[in-house]
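To start, the structure under review is shown below, and the notes come after it.
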Amino acid sequence: MSLSDSRHVQFNNNSVNLRSARVTSLLLRLLSLPGLLSTLAAFPLARADEIAAFNTTIQPYLQQYCIECHNQQQAKGELNLARFQNPQDIISNFRRWQAVIEFVEGGEMPPAESRQPSLEESRDLVNAVRTILISEARKNAGAPGLVLPRRLTNTEYDLSVQQLTGIDIRPTHDFPPDPAAGEGFNNTGEALSMSPSLVKKYLAAAQRVSDHLVLRTTGLSFAPFPVTSWNDRRTLAEDSVIRFYQQHKVHLPGYIEAAWRYRTAAADQSGLTPPQFAQANKLSPHYFQRLHTFLSSLAQQPGCPPDFLQAWEGIPAVSPAAPAPPELAAFIRLVERWQRDLHGPEGQLIKPNAGNWPIGHLADRARIAAHRNKYSGDHFRPTAFLRTSPVTPAQQPSGPEELSLWIRIQPAFASAGSPVIIRNPVFSKHDQLPRNADEAAKHEVQSLRAVLQSAVTPELTTLPFGQNIAGEAPEDSFILAGTALIRIPLSSELRTTLAGKRLLLTAELSGPAADQNPMLVQCEISTSEPDSNSAQLLASAAASAVQQLQPFAAAFCNVFPNRFFYVDSGRGLSAGFHLVEGFFRDDRPLVELVLTDAEQTELDTLWSELDFITESTETLFRGFVWFERSEREVLHDPRFDFLRSEDPELIQPAMLERFEKLYLDKLGIKRRDDTLEAEQPDERYRIVHGFFTAVRQGLLRQSTLMDVAAEQGLQDLLQLAEKAWRHPLTQPQQEALTGLYQRLRNEGQKPEQALRGVLTGILMSPEFSYLYFPANAGQQPEPLSGWSLASRLSFFLWSSLPDEHLLEAARDGSLTTDTQLRQQLQRMLADPRIDSFAREFFGQWLRFRDFPERDPIDAAAFTWYDAELRLAMAEEPVRVFTQLLQRDRPLTELLNGDTTMLNERLARHYGGILEQRFQQARSAHAQQAVTGSGAAAPADVQTWLPVEGLREAGRGGIFGMAVVLAKNSAGDRTSPVKRGFWSVHHLLGQHFPPPPADVPELPKSEAGSDRTIRELLVAHVAAPQCAMCHRHFDSLGLALEGFDATGRARTHDLAGRPIDNTAVLPDGSTAAGIPGLADYVAAKRRDDFLETLCRRFLGYALGRSVQLSDQPLLDDMKTALEQNNFRPTVLFEKVILSPQFRLRGQD
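At position 109 of the sequence shown the residue is numbered 108 (numbering that gives the first Met the number 0), and the sequence of numbers has no breaks.
Right, here's the structure in full:
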């Protein structure tokens, strides 16, 4: 019944005398408010008629029927009614008196054993009290009340930091939980106090956030992890470059297949240009065009080997849906082999050894990088060393596995064949040829000829050992010509003899160099004929066949580089020094052949950021000095004693020049007079002088960029301060922040360190960490400023800072208008951040917010219950309520809604029809993503989808959510008491006194009991003092018995007994399961639900306890809901447009 309802109260004689004085007094004690209420409003003196009513009606009633038990000496339930001496006392304690008149008119006070008033006396008391309260409520209706300054809640702090930085840092993870006050929420000034220990935590949190600050060339940024060491900097910047490389990686087989399919499509008149075709297939248009041009013009390419052209043109056309033919795979293998043979070995790019001279290594890396898509033929050699894998013994008793030694030669590059000498092939337990007789004996070396001889194999007579061979051991060597494949089966006996040995040999081209056509040679031990693509190349650069190949080889290498970029699997973008940190950029083919201009600019920027963030030049140079002093002999000279890697002056120009001159002198390079020029510049001088020149240029570039970045970073930080503090900076505030930055710089801190210090100060300031509204200097309430309204709105709806839209509306003054407030409300409700309201308001009101941290489930009793399920259970109501808010669905759907939100894990937990419908929804969602009929993303295990059919599954509204059922259980068993109390007290707002201390507990497990929970509960509440309360809520909990302690549907309890989920409700009606309970609450307890919702909602929105002057607004909120199909938008509008929300009263 609302306070404004002044109709006469009708009493039912049958409802009188139902409670004892002890129960009633305990109830009133539960309903009492802290003494803080007396300070929340300055109530005026009572009117004369109110005083008369108090003296003639209220006080006599109390003296005759109440004071006997509730006086100063006895004060049962800590309620002393003797202290109420005038109407003002009633007004100051309106919460107590609202409860008193509710129980008087309900016949539960005075208790049965006390003297009983007449119906007229009780009616007069209720009307007199209600008249006083109504008068006072109307008199001060809309008063903003006292909203104390408060610190941000842990959630608000975390979300605000996330909004400022773009990173989910959660710096309050080790803070104590926020206490609740007011209407049961943690966003009130009464609850959120500050202590010295908490100040320390706030400082640590601010510093944690500052550790994420990174100064880039463009100004301020934040890293996804703390950046407190050089390795952190490297990881941050290097990962960005590597991620770019991986996103633009060229998968050659895919490109070649695309070129072949385009050739087929072109024959079908597809009409797409090569770049358009590439774009449609998510390939690089730039590279695909180059590849297409090369392959389509092979016939006109000078020097193109006929076999290569035939291999490409011989790939047959197939339909688009058909798989690629084997000819395509053969051509791809051919391309990959030619890549290897024409480019040659790459060389060692990472040299982690003390003998690796950093300057020389950088020069080697530069040379290798410059030739990735260039052909030279310098690597061609007419000889090659080959070795096989070790011989394995035959497996017994299953029989010997067929194993053979294979030796193959064939012409390379489709040229004519040349004779190949297989020089002194031997079996050895080592992987290198013996250098002398001792090593031969140690390695148990046996010549191939001797092995074949001893085994009496037919291959001995077919291999031309010793024929036309000159040089060492000709009798053990032989010549093969043209195309040859030799297979030598290895018998079990031979495998036993040769177990653990490899075949080692040297192959070389025979005849004059000019006549030596390139050949491929291969030797392997395997069970089947090896793929010829693993063969090694024998070639002479002077051979005429190689000279003729050059035009084609150059074109081929420019399209098929040996790498498009280099990233080491272990050391990333490292230059590959020993004990020296440095980077080397090796991506020329990617830049030249693949990337667009915009992509090249992006990559250049990423490398620039890598160099800047890691101070790569200075880091490299200091590491170089340390390495040279400790690992090499160059600086072991008294002339270099002035050099120290840690010396701040090391990177100064004068020091650099002095160092380079001495370094050149030490290397024996003669300089012109006292300059850095060499008298006779050679390659060594060029790479040394080039190294020092690059260091100078890099240091200058770093210094120039740092000056610009530091200035921009400070400006960015001032802008961040405005966002964090939720208003424009005043001149003194701006000067204080810039002054702090300068002081830190003057103390020797680098720009980034100083900026971190300033950020710590910004976050420690009450302007950020506290929510307060500037004091009102006048006597009357005054409107909040646009800036204060922006903060109040954003923390109410998003639990975070105002965004730029809100700040702009505050800046131009429009936010204080009704129209703009409504527009901002609609925008904010549609924003994904509204899920914070769903989590914070509904989660605290309905007590599921802390479920992930305070989960009561006994995991040992439910082995399938895990962290993934726990998080999904906690997330379900947040998703449901967010959808309800954003779609403006009736709030009564909380009670009996038929739709929920599920992900795969929770759907499996619910099972049955809900799991089936989730799978159907998931399939439809995936199909929608495939066909492009909507904005749906591909479904995965974390996808949440709406699922209908709760009532069919025996669930409905919030009653059927697993998190509510589990939160109100008792370990491994259900708890009808907890579930029923939650339903009546938290959801419907009915209050009860705490249970007596000596109440016996129910068994912890139902499995070991010989009675059901229902039977145990009947005995448990048999005492009248227990039944008085339990009759209000136990039955509601019993209706939920069809679900176990984890919220999973069940038909039997843990002892195997059938479940009975029928219940006789407080009004005498019967409900079966959750659908019946939900219908009862929606139909017969809806007013209780709406009144509780409105009171909780207003208390959360204002961040304070609801006070007497709020009652007209609460009545208005409830009426508006009833008249507008219970839409949440109506509730939000009523509150944000109310004087309570928009005004600032006196402190």
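For every residue, glycine included, the Cβ atom is placed at its ideal position computed from N, Cα and C.
_Exposed unless 16 or more other CB atoms sit within 10 angstroms - verdict on W259_ = By the C-beta density criterion, W259 is buried, having at least 16 other C-beta atoms within 10 angstroms.
*On the three-state DSSP scale, how would you describe P473?*
In the structure shown, P473 sits in a helix (DSSP, three-state: H, G or I).
*asked:* Can you find the residues in the same chain that come closer than 8 Å, C-beta to C-beta, to E875, ignoring five residues on each side of it along the sequence?
replied: Contacts found: T899, M900, L901, L905, M960, A961 and V962.
*In chain order, which alpha helix (DSSP H) runs of at least 4 residues are fully inside the segment 729-808?*
Contiguous alpha helix (DSSP H) elements confined to the segment 729-808 occur at 730-745, 750-763, 765-768 and 785-796, taking only those with 4 or more residues.
_Tell me the DSSP secondary structure of H285 in three-state form._
DSSP places H285 in helix when its eight states are reduced to three.
*Rounded straight-line distance, which links the Cα of G141 to that of P1138*: The straight-line gap from Cα to Cα measures roughly 5 Å.
*Buried or exposed by the 16-neighbour rule on C-beta atoms within 10 Å, applied to L348*: A residue is called buried once 16 or more other Cβ atoms fall within 10 Å of its Cβ, and L348 is buried on that count.
*Where are the alpha helix (DSSP H) runs, 4 residues long or more, that stay fully inside the segment 651-714, in chain order?*
Counting whole runs of 4 or more residues, the segment 651-714 contains the alpha helix (DSSP H) stretches 652-665.
*DSSP three-state assignment for N423, whether helix, strand or coil*: Three-state result, N423: strand.
*Beta-carbon contacts of T387 that lie in its chain and below 6 Å, excluding the five residues immediately before and after*: Here the set comprises R501, L502, C522, E523 and I524.
_Just verifying my parser: in three-state terms, what is the DSSP assignment at M518?_
DSSP places M518 within a strand segment (E or B) once states are collapsed to three.
*If you pair each beta-carbon of the segment 820-829 with each one of the segment 1128-1138, do three or more pairs fall below 8 Å?*
They touch, by the three-pair rule.
*For the alpha helix (DSSP H) holding P273, just list the boundary residues, first then last.*
From DSSP, the alpha helix (DSSP H) with P273 extends over P273 to A279.
*Cβ-Cβ separation, A506 to A542 (assumed contact under 8 Å), whole Å*: Between A506 and A542 the Cβ distance is about 16 Å, and since that is not below 8 Å, they are no contact.
_CA nearest to the CA of N79, picked from Q87, N70 and N85_ = Nearest of Q87, N70 and N85 to N79, Cα basis: N70.
*Mind listing, in chain order, the continuous alpha helix (DSSP H) runs of no fewer than 4 residues lying wholly within the segment 917-995?*
Within the segment 917-995, the complete alpha helix (DSSP H) runs of at least 4 residues are 961-966 and 975-980.
_I'd like the span of the beta strand (DSSP E) that includes W405, first residue to last._
First-last of the beta strand (DSSP E) with W405: L402 to P410.
*Any alpha helix (DSSP H) of 4 or more consecutive residues that is wholly inside the segment 880-924*: Annotation note: the segment 880-924 contains the following uninterrupted alpha helix (DSSP H) runs of length 4 or greater, listed N- to C-terminal: 892-895 and 903-909.
*Quick check: the segment 418-433 against the segment 558-574, are there 3 or more CB pairs under 8 Å?*
Under the 8 Å Cβ criterion, the segment 418-433 does not count as touching the segment 558-574, having fewer than three qualifying pairs.
*Confirm, please, whether the CB-CB distance from A411 to D340 is below 8 Å.*
Result yes, Cβ atoms of D340 and A411 sit closer than 8 Å.
_Enclosing alpha helix (DSSP H) for T818 [first to last residue]_ = Counting along the chain, the alpha helix (DSSP H) containing T818 begins and ends at D817 to A829.
_Close beta carbons around P652, own chain, < 8 Å, minus the five adjacent residues each side_ = Residues of the same chain with a CB within less than 8 Å of the CB of P652, apart from the 5 flanking positions on each side, are R695 in chain order.
_Assuming contact is defined by CB atoms lying nearer than 8 Å, are L893 and G988 in contact in what I supplied?_
Against a cut-off of 8 Å, the Cβ pair of G988 and L893 comes out as no contact.
*asked:* Helix, strand or coil for F623? Go by DSSP, reduced to three states.
replied: Note: F623 maps to helix in three-state DSSP.
*Are the CB atoms of V545 and G376 nearer to each other than 8 Å?*
Yes.
*Quick one: using the 10 Å Cβ neighbour count with 16 as the cut-off for buried, is A384 buried or exposed?*
Going by the sequence as given, residue 384 is Phe instead of Ala. By the neighbour-count rule (16 or more Cβ atoms within 10 Å), F384 is not buried but exposed.
*Grouping DSSP H, G and I as helix and E and B as strand, with all else coil, what is S525?*
DSSP places S525 in strand when its eight states are reduced to three.
_For D567, the three-state DSSP class (helix, strand or coil)_ = D567 carries a strand assignment under DSSP once its states are collapsed to helix, strand and coil.
_Opening and closing residue of the alpha helix (DSSP H) in which F611 lies_ = Per DSSP, the continuous alpha helix (DSSP H) segment holding F611 begins and ends at D596 to T613.
*In three-state terms, what does DSSP make of V1147?*
The displayed coordinates of the chain run from 0 to 1146. Any statement about residue 1147 would go beyond what the structure contains.
*Looking at A205 and L1097, is the spacing between their C-beta atoms short of 8 Å?*
For the pair L1097 and A205, the CB atoms are not nearer than the 8 Å cut-off.
*Do L663 and E630 have their C-beta atoms closer together than 8 Å?*
No, the pair does not count as a contact, with Cβ atoms beyond the cut-off.
*Same chain only: Cβ atoms within 8 Å of S403, ignoring 5 sequence neighbours per side*: Setting aside the 5 residues that flank it on each side, S403 is surrounded in the same chain by R486, I487, P488, L489, I524, S525 and T526, each with a C-beta closer than 8 Å to its C-beta; the list follows chain order.
*At least three beta-carbon pairs within less than 8 Å, the segment 903-923 to the segment 969-981*: Three or more beta-carbon pairs separated by less than 8 Å are not found between the segment 903-923 and the segment 969-981, which leaves the two stretches without contact.
*Residue environment, F641, which counts as buried when at least 16 other CB atoms sit within 10 Å*: Exposed, because fewer than 16 other Cβ atoms sit within 10 Å of the Cβ of F641.
*asked:* Is it buried or exposed, W96, if we count other Cβ atoms within 10 angstroms and call 16 or more buried?
replied: Flag for W96 reads buried.
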